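Asker: As you go down the protein sequences, you meet chains A and B in turn.
Take any residue in the first sequence, count from 1 to its spot, add 6: that is its number in this note's numbering.
Take any residue in the second sequence, count from 1 to its spot, add 413: that is its number in this note's numbering.
Where is the CB? At the ideal position from N, CA and C, for every residue including glycine.
On a predicted model such as this, the values are computed, not experimentally measured, just so you know.
Before anything else, here's the structure in question.
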Amino acid sequence: MMIGKLQETPSQTAGPYVHIGTAPQSIGRPPLTGQPGPRAEAEGERIIIEGTVFDGAGAPLRDAMLEIWQADSAGRVGAEGLFARCLADFDTGRYRFETVRPGPHREGQPAHVALLIFARGINLHLHTRIHFPEERERVAADPDLRRLEPEARETLIATQEAAGHYRFDVHLQGANETVFFDI
Amino acid sequence: MPLSPGYKSTVLRAPLRPLHAVEQSALERSGPALGNTALGPLDHDLIRNAAQGGDALGERIYVFGQVLDENARPVPNALIEIWQANAAGRYAHVKDGYLAPLDPNFSGCGRCVSDGEGRYLFRTIKPGPYPWPNNGSDWRPAHIHLSIFGEAFAQRLVTQLYFEGDPLIPLCPIVNTIPDPAAIDRLVARLDMRNQEPFDCLAYRFDIVLRGRRQTHFETRPEGA
Ligand SMILES: [Fe+2]
């Protein structure tokens, strides 16, 4: 037992109706949270990250809610960090973030975007990292990732579709199950 | 546990490999300052914030408490978003086909920001239990979904609160994804008669404890928590 400490409130699934509370505009209500997305004034190279979250049978999650949190283009976090939230498309399951390319927030380490996934059937939200293919060698040397098998590390690297346009699919199970973090 | 066969949706959605533990960096120790979001005056009042000429129907309640971290430090400026079914157990959502009626004066969506001492308050109606397709017709106990942003992205929490004395709590496969009865108990809001609004509404207290800073690779989040 820890003395003088409180116990963390347990997580429960966001359930299938997460949109009511976190993205009310998606069901025809006025948005509540200040419009999630990178600050309009955020400087840097504009990039798009899109992808799909797949379940163990290869079906896309059409009900997922996703959030990103990243450094700005200069690698600054805290008040300069960038947050965004989006919903998987109700028909296709595709998600899409328009943001800026993050700078490295850890000296000498590759930049990444933290990605959280919330959905029915996920009891504790999943936390993963989106790395960029231009930095594959640095990713291999990242002290946080060195202990991973190379194939597992590869699940954390986005694919470039076009200049500034990346695809990052998430696999909840299976041979190429994405690495999820306890942070 | 992530994979809980009693809750069927986890079977294909729970990762099967262990989480990869890493130390928190400056990124995860900070977070978006959503507590600065400008709130509407009725955002925390679900009885009125979707009203079209009348109050929402149901048992009028306050849900209030304090947001703390594991060291019992209050967490100010925490954005708390909630969503819930109406008093009949029906969500105002296109995908909810339960036969219970919608309430035209209730959308089930609210939010607030904790004050300097971490305190928060919602006024709402007690949601009804509802059936869902899982092992035939399972029933959810009355519950409110919550999403909380603390000071750090590593503190992000989405959970559900239940109501003291509800006989459906121990029967619920989603509740029972948590193996520890003491942890389940931390999701139960307590009736607090001293904080009622006389001749108006009852009060339930629900304190929220966000995870603190993790120093090492070896203190990991307990499974199922
Ligand atoms: Fe629910």
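Along the chain, where does the alpha helix (DSSP H) containing R144/A start, and where does it finish?
Answerer: Its alpha helix (DSSP H) spans residues 142 to 147.
Asker: Do we get a CB-CB distance below 8 Å when we pair M7/A with the residues of chain B?
Answerer: With a pLDDT of only 43 at M7/A, under the threshold of 50, the placement of this residue in the model should not be trusted; the figure read from the coordinates follows. No, its Cβ sits nowhere closer than 8 Å to a Cβ of chain B.
Asker: If I measure Cβ to Cβ from I53/A and keep anything under 8 Å in the same chain, skipping five residues before and after, which residues do I get?
Answerer: Only E104, T105, V106, R107, G170, H171, Y172 meet the Cβ criterion.
Asker: Tell me the DSSP secondary structure of G180/A in three-state form.
Answerer: Coil, per DSSP.
Asker: Determine whether the beta carbon atoms of T572/B and I474/B lie at a separation below 8 Å.
Answerer: No. Outside cutoff.
Asker: Taking a Cβ distance cut-off of 7 Å, strictly less, list which residues of the region 570 to 592 of chain B are near chain A, in chain order.
Answerer: Listed by position along the chain: L570, V571, T572, Q573, I587, T590, I591.
Asker: With a threshold of 8 Å between beta-carbons, can V435/B be considered close to chain A, or not?
Answerer: Cβ-Cβ to chain A under 8 Å: yes for V435/B.
Asker: Roughly how far, in whole angstroms, is the beta-carbon of H558/B from the beta-carbon of V185/A, given that I think they are within contact range, below 8 Å?
Answerer: No, H558/B and V185/A are not in contact; Cβ-Cβ is about 27 Å, not under 8 Å.
Asker: Return yes when the C-beta of H171/A is under 7 Å from any heavy atom of ligand 1, and no when it is not.
Answerer: No - ligand 1 has no heavy atom lying nearer than 7 Å to the Cβ of H171/A.
Asker: N490/B: which of N499/B, A505/B, N449/B, S520/B sits nearest, CA to CA?
Answerer: Checking every option, the nearest Cα to that of N490/B belongs to N449/B.
Asker: Going by the beta-carbon positions, is the gap between F566/B and L440/B smaller than 8 Å?
Answerer: Yes; because the gap between Cβ atoms is below 8 Å, this pair is in contact.
Asker: To the nearest angstrom, how far is it from the Cα of A513/B to the Cα of R503/B?
Answerer: Taking the straight line joining both Cα atoms gives about 6 Å.
Asker: So H111/A packs on I136/A, CB below 8 Å; how close in whole Å?
Answerer: H111/A to I136/A, Cβ: 14 Å. No contact.
Asker: Y543/B CB to nearest chain A CB: under 8 Å?
Answerer: Judged by the 8 Å Cβ criterion, Y543/B is not in contact with chain A.
Asker: The alpha helix (DSSP H) spanning A596/B covers which residue range?
Answerer: Looking at the DSSP string, the run of the alpha helix (DSSP H) that includes A596/B is 594 to 598.
Asker: Examine chain B for any beta-carbon lying closer than 8 Å to the beta-carbon of K11/A, and answer yes or no.
Answerer: Yes, contact with chain B.
Asker: So, does the region 61 to 71 of chain A touch the region 123 to 131 of chain A, judging by three or more C-beta pairs under 8 Å?
Answerer: Yes, the region 61 to 71 of chain A is in contact with the region 123 to 131 of chain A.
Asker: Name the DSSP beta bridge partners of M71/A, please?
Answerer: Answer is L93/A, F124/A, bridged to M71/A.
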